[in-house]
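Notes follow once the structure below has been shown.
Protein chains: 2
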Amino acid sequence: MCEANAYLKKGEEQELFMEQVDVIEPFEEGLRLVDIFGRQKLIKAKIKDMNLLNHRITLVQLPEK
Amino acid sequence: MCEANAYLKKGEEQELFMEQVDVIEPFEEGLRLVDIFGRQKLIKAKIKDMNLLNHRITLVQLPEK
Chain A
1 MCEANAYLKK GEEQELFMEQ VDVIEPFEEG LRLVDIFGRQ KLIKAKIKDM
51 NLLNHRITLV QLPEK
Chain B
1 MCEANAYLKK GEEQELFMEQ VDVIEPFEEG LRLVDIFGRQ KLIKAKIKDM
51 NLLNHRITLV QLPEK
C-alpha cells in the first residue's frame, strides 16, 4: 500500500500527526487528510514537503491571523 | 513502488507534468520535484491535492507577480 505518514513540523522537531494517509486536499484555510480507513483530520497547515518512497509527508502549521 | 504522477491543473484540464515522482519540496517560490531516477524539475506551483493510493498529485501554477 502506498499511503504515507503525515508529520507536523514544530520548530526543529516533527511529530506524527496522522498515519496511513491516502488523500490530502485543501479545506477552508488548511488541509483535510483522509487515511486509508476513511477517517479524516482537519488541520490549519500546508504541505511542506514529501518523500513518497519513504512514505513521509511533512506539514507546517499556518500562522493564526 | 510508491511514487506518484504529478499533474498540473490548467483550468478544468490536468496535464501530466512528471511521472514517478518521489520527492516534492519547496524551492524558491515554487517546488522541486525529483523522480525515482533522480531527475528533477522545478515549477512555480504549489500542491493542490494528492491521492496516494491512486498515485496522483495535483499541482496548480502560482500567479506571476
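Heads up: the protein sequence lines correspond to chains A and B, in order.
Each residue of the first sequence is one higher than the one before, starting from 1 at the first, in my numbering.
Each residue of the second sequence is one higher than the one before, starting from 1 at the first, in my numbering.
Note that the Cβ used here is the ideal one computed from N, Cα and C, for glycine as well.
Check                                                                                   : Outcome
Cβ-Cβ separation, GLU25/A to ASP35/A (assumed contact under 8 Å), whole Å               : Not quite, the Cβ-Cβ distance comes to about 13 Å (not below 8 Å), so this is no contact.
Partners in chain A for LYS48/B, counting only beta-carbon separations shorter than 7 Å : PRO26
Proximity test, Cβ basis, 7 Å: ASN51/B and chain E                                      : The displayed structure is made up of protein chains A and B, and chain E is not among them.
7 Å Cβ shell around ALA45/A - same chain, five flanking residues per side excluded      : LEU8, GLY30, LEU31, LEU59, VAL60, GLN61, LEU62
With 16 other Cβ atoms within 10 Å as the buried cut-off, status of LEU16/B             : exposed
Where the beta strand (DSSP E) through ILE24/A begins and ends                          : 13-27
The beta strand (DSSP E) enclosing ARG39/B, as first and last residue numbers           : Element bounds for ARG39/B: n/a, residue is neither H nor E.
Proximal residues of chain A, C-beta to C-beta of ILE36/B below 8 Å                     : LEU53
Rounded Cβ spacing between VAL23/A and ASN51/B (contact assumed at less than 8 Å)       : 5 Å
Contacts that GLU3/B makes with chain A (C-beta to C-beta distance below 8 Å)           : LEU52, LEU53
Interface flag, VAL60/B vs chain A, CB-CB below 7 Å                                     : no
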